[in-house]
Every structure is written in C-alpha cells, then in structure tokens.
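Chain order of the listed sequences is A and B. Heads up: the first sequence begins at 505 in the working numbering, then just goes up one per residue. Heads up: the second sequence begins at 505 in the working numbering, then just goes up one per residue. Every residue gets a Cβ at the ideal spot worked out from N, C-alpha and C, and that includes glycine. Below is one structure; the comments refer to it alone.
Protein chains: 2
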Amino acid sequence: MELLARAQQLQAEGCDVIHMEVGEPDFPTPEPVVEAAQAFIKTGRVHYTPALGMPELREAISAFYAEHLDAKVSADRIVVTAGASGALLLAVAALTDPGNEWLLSDPGYPCNRQFVQAFGGRVKSLPVKAQAAYQPDLSQVEDAWSADTKAVLIASPSNPTGTLIDDERLDGLVAITRQRRACLVVDEIYQGLVYGRPAKSVLARHDEVLVVNSFSKYFGMTGWRLGWLVVPTMLTRHIEKLAQHLYIAPSTPAQHAALAAFSSDNLAILEQRRQLFGLRRDKLLAGLQGLGFRIDSKPEGAFYIYANSEHCASDSTELSRRLLEHSHVATTPGRDFGEYLAQQHLRLAYTMSEARIEEALDRIRLAL
Amino acid sequence: MELLARAQQLQAEGCDVIHMEVGEPDFPTPEPVVEAAQAFIKTGRVHYTPALGMPELREAISAFYAEHLDAKVSADRIVVTAGASGALLLAVAALTDPGNEWLLSDPGYPCNRQFVQAFGGRVKSLPVKAQAAYQPDLSQVEDAWSADTKAVLIASPSNPTGTLIDDERLDGLVAITRQRRACLVVDEIYQGLVYGRPAKSVLARHDEVLVVNSFSKYFGMTGWRLGWLVVPTMLTRHIEKLAQHLYIAPSTPAQHAALAAFSSDNLAILEQRRQLFGLRRDKLLAGLQGLGFRIDSKPEGAFYIYANSEHCASDSTELSRRLLEHSHVATTPGRDFGEYLAQQHLRLAYTMSEARIEEALDRIRLAL
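Written out as structure tokens, the structure reads:
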C-alpha cells in the first residue's frame with residue numbers, strides 16, 4: 505500500500521511509471537458488454553433486482569459452466585455479488601462464528617485474512633512450497649487442523665503465484681474437509697485465464713465446495729464490481745438470507761451488462777485477450793529468468809509471476825522500493841502476501857503490452 | 505419475506521398487486537444521471553477507482569453538505585460505498601469486536617441487527633415510543649448501557665416510522681456516547697425526503713458521529729447500489745484500510761452517474777419528486793386515519809407510514825396476510841421491524857401514484 509501510494513505520487517509528478525503492481529487488466533470493457541449496458545441504462549428503470557441476482561444471469565452463469573467447463577451447476581446454487589469481494593464476504597459471513605479458524609495459503613491474497621478476522625475468525629497460515637505448486641499439501645492441512653477449524657481456502661489459479669491445483673490434491677482436500685464437517689472454499693477469480701491448457705473449474709469434479717468467481721479478470725469488467733459465489737445446495741437458504749441482509753442486491757446495470765459477457769462475440773474477444781496474456785507471460789517469464797530471477801513453479805494462469813529474487817537482492821521489499829525509485833517500475837514485495845519466504849519474492853503483473861513489458865525488463869536490468 | 509414471496513407469486517399469477525411493502529421509489533433514474541452514465545460507459549474505461557471512491561465524487565458530496573445542509577464535512581471524511589449496505593457494513597466492521605454491544609431502536613430497519621450479529625456483536629433493543637417520535641430517550645440509552653456497549657444506532661428519518669430526531673435529543677445522545685467513548689451512528693438514508701420542513705443532517709451540529717447515506721432514496725438511484733459513509737476524522741485511516749480489504753472499490757459507472765446527481769437540473773427533478781411524495785404521504789395518512797388506523801406519531805419523512813392497526817385487527821401479521829390475499833395490497837407487518845408493539849402495527853410505503861394509493865385505500869376498506 506505504501507509502495508502503491510508512492511507509485512501514484514511519482515506518476516502525479518510526471519514520471520512514466522510501469523504499473524506491475526496492480527491486478528487490473530489494461531483492456532477496456534469489451535464492446536458487446538458496453539452496448540448491453542447502454543441499452544439497459546437508457547430505459548432508466550434501474551431498480552433493485554432479487555438479492556441473489558437476476559434469474560436470467562444466474563441461468564447464464566450456469567449455462568457457462570455446462571458449456572465451457574463441463575460442470576453441472578444449477579442456477580439456484582449461484583449467487584451474484586458485488587465483485588468477488590462480495591462473494592468472499594458472504595462465504596466468510598456464512599461459515600465463521602467468533603473463534604472459528606480458517607486455513608489459508610501463505611503466500612496468498614492478503615484480503616482473505618482480513619475478511620476472516622473482520623468476522624471474528626482466526627487465521628492459520630499454511631506455508632505453501634514451490635515444489636507443491638504453491639498449493640497446500642494434504643499433510644499440512646491435517647497437521648494444522650484444530651477443533652476450531654471451519655474452512656480451508658485455496659486459490660486456483662493462485663494470486664500471487666499463478667499456479668493451479670491438480671486434481672489429486674483437490675480431491676484430497678475435499679475429502680479431508682468433508683470428513684471433518686468443514687468447508688473447502690476455492691477462489692477461482694482468475695478462472696479462464698490459463699495458458700497452454702484448457703480452463704477448468706473445481707466444480708467439474710465436486711459439488712460440496714464453495715467457489716468464488718468474478719467478472720473482473722477473465723471477463724475484463726473490473727470497475728463494474730460484479731462477481732458470484734457458488735454454494736453447495738445445503739447452504740443456499742442460509743446464504744440467501746445473508747445476501748438479503750448484507751447487501752440487498754448487486755448492481756443492476758452491471759448485471760445487465762454481464763448478460764452480454766457470455767455471447768459468442770464477447771467470448772471471441774476474451775479468447776484473443778487470453779492469448780495476448782499468454783504471450784505476455786512468456787515474455788516476462790523468460791525476461792525475468794534472463795535477469796537472474798528464479799521462477800520456482802511455472803505460473804500457468806492469472807496474470808502474475810511470483811519471482812524468487814534472492815540472487816538479485818537480499819530483501820525483496822528493499823528491491824521493490826529500489827525498482828520503483830530508480831526505474832519507475834512498480835512491483836509488489838512478497839511481504840504483502842504473507843511471511844513464508846516473503847523476503848525472497850516479488851510479484852509482477854503482466855497486465856500491459858509486450859512492448860511495455862520489454863521496457864520494464866530493460867529498466868530492471870539497469871537497476872540491478 | 506414470506507409475505508414478499510407470496511406477493512410476487514400472486515403477481516406472477518396475474519393479480520394486480522399494489523406493492524406497499526417495498527422501500528423502492530417508483531420513479532426511474534433521473535435523466536441527467538442516465539446521460540452521465542451513458543457518456544462515461546461509452547468510453548469502455550470502466551476500471552477500479554480508489555477504495556474510498558473517486559475524489560471528485562467525494563468533493564461533490566462534501567459540497568452538497570455545505571450548500572444544502574449547512575454542514576461542513578470535508579471530503580476526506582466521506583467514503584463512497586456499495587449502497588448504504590456497504591456503508592453500514594464498514595461502520596459495523598470498524599466498531600465491532602466479538603462480544604461488543606449495539607443499542608438499536610425497536611421498531612427499526614431489520615438488517616441492522618443482522619450486520620451487528622454477523623460481526624460477532626450483540627444487539628440490545630430500545631423499545632421506542634410513539635410519544636418520543638419513535639426515537640430513543642436518553643434515559644433509555646443510559647439504562648441499557650453496559651460495559652460492552654460500543655455504539656448506538658438511530659435513524660432519522662426513521663424506517664419504518666418516518667419520524668425525525670429533534671436537536672435536543674440528538675445533542676443528548678452525542679453527549680452520552682462521547683462521554684462513554686462509544687459511537688453514535690446515524691442512518692440518514694432517507695435524508696432529503698422530508699415534508700413540510702427543510703431537510704437536515706445531524707452533521708450540521710456534530711462532527712463526531714458516523715452517518716450512513718445513500719443515492720438510492722432521495723436521489724432515486726436504487727439499482728445502482730451506491731451510498732456513502734461519513735466518519736469522524738480520527739476513524740478515516742482505519743476505515744480506509746477496511747474498505748481496501750473488504751470491497752476494493754465501489755461501482756465505477758455508478759460513481760460517474762452520481763456525479764450528475766448534484767447538478768441543478770437534477771436537483772430540480774428531485775424537488776418535484778419530493779413534493780409528490782409529500783402529497784402521497786398526506787393522502788395515505790388521511791386515508792388510513794379514515795379507515796380507523798391510528799398514526800401515533802406523524803411521519804415527517806422517508807416514504808413510510810407506521811400505522812397502529814389495533815382498532816382494525818388484533819394481529820397485524822394476520823391483517824397483512826388478509827390484505828394481501830383478499831385485496832392484493834401488500835404491506836409489512838410490524839413483526840418485521842422488532843418486537844415492541846409489533847403486533848399492533850403495519851408499515852405501508854407510499855412509493856406509488858396518488859391514484860394507486862386511493863385504489864389501495866378502497867381495497868383495504870373493503871377488506872376491513
């Protein structure tokens with residue numbers, strides 16, 4: 505946050521800052537989505553929708569799972585929310601009583617911890633290793649388990665590492681949580697943004713998990729603030745009540761816009777963008793390796809590289825500061841994602857053009 | 505909720521239901537707001553804004569307080585949120601640790617209680633009396649106070665009663681909460697919707713309160729899901745961190761739309777609507793009194809009448825059910841707003857035309 509503020513300050517002073525610290529695609533909202541929003545807003549009839557979202561949007565999401573991800577997810581298990589944040593909020597609110605414990609990956613998305621704590625829950629970190637694709641080992645989860653453990657949260661593709669969970673590990677985590685009457689929550693916010701392999705959802709294999717997703721990343725709709733939560737059937741009533749109480753309804757213009765997100769025109773645009781992201785990843789990955797960074801587990805998705813910087817600098821926070829001040833390249837130090845080997849890592853986002861990535865690599869080379 | 509579902513079912517079956525149960529104005533989004541949204545969305549650049557909201561929108565809200573409500577509220581105390589729900593969420597998250605206690609009016613907006621409980625807090629109800637304009641007495645607050653009390657929440661104009669808090673009572677509540685190092689939170693979601701007297705904000709008299717507001721009601725922007733929270737200066741850092749963690753940013757299209765909400769063109773439209781609401785209130789108030797309902801404290805704002813139905817029926821829930829089934833007039837029984845004298849009261853919203861209100865009154869007459 506401090507580095508983000510400094511990056512913005514430098515930019516305000518006229519510096520040409522390359523923003524590899526923010527998790528926002530550079531693309532505008534796709535044209536079909538813009539047009540759908542325009543057509544709806546023109547009517548002026550921007551009233552509340554049902555708390556769980558417009559039935560036709562929930563059906564559209566359900567159809568997307570069936571057609572593109574080989575997953576049967578009935579619309580009544582899908583809750584439309586104000587961004588993935590709204591989905592995570594619902595999940596944490598539903599599963600957490602004061603004193604309950606969540607197991608979270610370290611490194612991981614930093615806000616997750618805050619959600620759990622805001623609801624009076626406790627967080628136990630699972631230090632995840634590069635050789636395990638930065639996903640928790642089953643034995644780790646078993647060892648960390650306590651009588652208070654209520655949920656395990658994983659992310660695939662993961663932020664900050666871009667790594668995926670494999671089927672075997674996933675099945676194991678589902679078995680452990682089910683057996684102990686706890687819940688597995690899977691952050692699939694970057695679902696669809698995978699390179700060199702087909703997109704997947706854990707919902708193709710399992711019904712008894714909660715899945716957080718978003719229109720922000722793959723669908724390129726960040727500022728619209730729309731996401732969704734998939735819940736097991738037995739939780740739908742409880743979640744509906746919470747949604748009605750905690751946020752009335754998600755944004756109506758965003759929901760109408762999102763209906764166009766699943767059109768074939770739009771999906772073609774998203775596929776083009778995905779391919780561009782893949783090229784950018786390859787460029788940044790090779791470039792960083794050429795500069796002496798080590799990528800200990802290949803990032804297969806999202807738009808981040810979690811680079812081991814120990815051969816370049818002894819402290820990644822210090823390195824991040826140096827890159828910003830001397831090269832005007834903004835990055836995120838590992839410290840923002842946890843404690844485990846945090847000082848040796850840096851997250852870089854490839855949410856800019858290949859030319860811009862090359863420019864960033866040149867600047868980093870000079871700074872090192 | 506059960507009655508709401510039944511009302512929707514009847515409507516789906518082709519019945520002409522008059523919806524006096526929902527708190528949503530019948531007006532569309534005002535034209536200047538629609539135009540501003542259209543112009544912005546066309547650019548496609550719908551990216552994240554800062555977590556606290558766009559600086560120019562926070563300035564515009566600050567200017568609105570200065571020009572129309574005689575209140576000095578600097579923009580850095582204003583946090584733009586996903587509806588008033590987002591504002592309430594932030595306030596409760598900021599002020600509540602597990603076991604903390606909130607004092608809430610009974611009758612009151614039912615979700616407030618859920619927010620506090622979701623964050624591990626406890627709720628103590630203050631049964632508020634008609635002769636006190638359904639606002640808590642100072643002695644009530646003092647008697648209910650415990651070592652765990654962290655906040656008192658009032659609403660002015662109140663939902664479900666439409667009543668306002670007077671200056672003297674307000675000053676007393678501020679003094680009590682300040683002295684005991686707790687917070688007074690004021691729900692001003694219906695601010696601007698007052699009839700027969702000028703609109704006011706508690707912020708004209710006090711800086712050390714939290715105020716929840718919304719673009720939904722007075723500004724007629726329900727489906728856009730945009731609100732704001734005003735916080736005392738000493739809480740701004742804490743609230744900013746929470747906002748960054750809990751929801752990233754409010755809707756970007758909604759924020760651009762809301763910038764046009766303060767234009768003189770738009771305020772002229774809102775003033776016309778306010779006058780219409782005033783006429784509707786007068787009509788419904790007189791009509792209900794003519795039917796034998798008692799209005800024990802005159803509603804001065806919002807768009808609700810909290811009618812004492814004890815001369816019409818012994819149980820307002822039963823009456824509400826009867827009115828729906830036999831007259832197709834949907835109302836909300838007092839039970840939805842608390843326990844205190846709930847069985848003797850019914851809330852009716854006047855969010856429809858005068859002709860429609862007359863029709864509703866005719867139907868209720870027949871049912872009684």
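- When C-beta distances to chain A are compared with 8 Å, every residue of the region 795-823 of chain B stays at or above that value.
- At a Cβ-Cβ threshold of 8 Å, L795/A and R851/A do not count as neighbours.
- Where C615/A is concerned, the enclosing alpha helix (DSSP H) starts and stops at P614 to A622.
- The distance from the Cβ of A622/B to that of F623/A is about 7 Å, consistent with a contact at the 8 Å cut-off.
- Residues of chain A with a Cβ closer than 9 Å to the Cβ of K546/B are, in chain order, V538 and Q542.
- For K654/A, the closest of A686/A, I680/A and A679/A by C-alpha to C-alpha distance is A686/A.
- With its beta carbon at least 8 Å from every one in chain B, C519/A lies outside the interface.
- With contacts defined by Cβ atoms closer than 8 Å, D520/A and H832/A form a contacting pair.
- Around the beta-carbon of G700/A, fewer than 16 other beta-carbon atoms lie within 10 Å, marking it exposed.
- With a cutoff of 8 Å on beta-carbon distance, G557/A and P754/A are scored as near each other.
- A Cβ-Cβ distance of about 6 Å is found for the pair P757/A and P757/B, placing them in contact under the 8 Å criterion.
- Residues of chain B whose Cβ lies closer than 8 Å to the Cβ of E528/A are, in chain order, H551 and Y552.
- Under the three-state reduction of DSSP, P536/B is assigned to helix.
- Across the structure, E605/A and A651/B are spaced so that their CA atoms are roughly 27 Å apart.
- Separation of V583/A and A543/A (C-alpha to C-alpha, rounded to the nearest whole angstrom) is 24 Å.
- For L607/A, the uninterrupted beta strand (DSSP E) segment begins and ends at E605 to D610.
- Rounded to the nearest angstrom, the gap between the Cα atoms of A659/B and E692/B is 6 Å.
- At a cut-off of 8 Å between beta-carbon atoms, Q618/B makes contact with chain A.
- Ranked by Cα distance from E712/B, the first of L674/B, G548/B and A864/B is L674/B.
- Interface with chain B (8 Å Cβ-Cβ cutoff): S755/A is included.
- Counting only residues of its own chain and dropping the five nearest sequence neighbours on each side, A817/A has a CB closer than 6 Å to the CB of L823.
- In this structure, Q639/A keeps its C-beta atom at 8 Å or more from the C-beta atom of V645/A.
- In the three-state DSSP reduction, Y808/B falls in the strand class (E or B).
- Near chain A, meaning a CB-to-CB distance below 8 Å, the residues of the region 712-740 of chain B are M725, T726, G727, W728 and R729.
- For a cut-off of 8 Å, the C-beta gap from L688/B to V734/B is around 12 Å, too long to register as a contact.
- Every alpha helix (DSSP H) stretch that sits fully inside the region 722-766 of chain A and reaches 4 residues is listed by chain position as 740-751 and 756-763.
- Using a Cβ-Cβ cut-off of 7 Å, P532/B is close to G548 and R549 of chain A, given in chain order.
- The shortest C-alpha to C-alpha distance from L630/A to any of L828/A, L507/A and L607/A is the one to L607/A.
- From the listed residues W649/B, L707/B and A595/B, the smallest Cα separation to L739/B is found for A595/B.
- In the DSSP assignment, R851/A forms a beta bridge with Y810/A and T836/A.
- In this model, A516/A and R510/A are separated by some 10 Å (Cα to Cα).
- Interface flag for S662/A against chain B is unset, since no Cβ pair is found closer than 8 Å.
- Counting the other CB atoms within 10 Å of its CB gives G603/B a total below 16, which places it among the exposed residues.
- Annotation: L657/A has no Cβ neighbours in chain B at a cutoff of 9 Å; minimum Cβ distance is about 15 Å.
- Cβ-Cβ distances below 8 Å link L789/A to I799, K802, P803 and I809 in the same chain, with the five nearest sequence neighbours on each side left out; the list follows chain order.
- In the displayed model, R709/B falls within coil according to three-state DSSP, outside both helix and strand.
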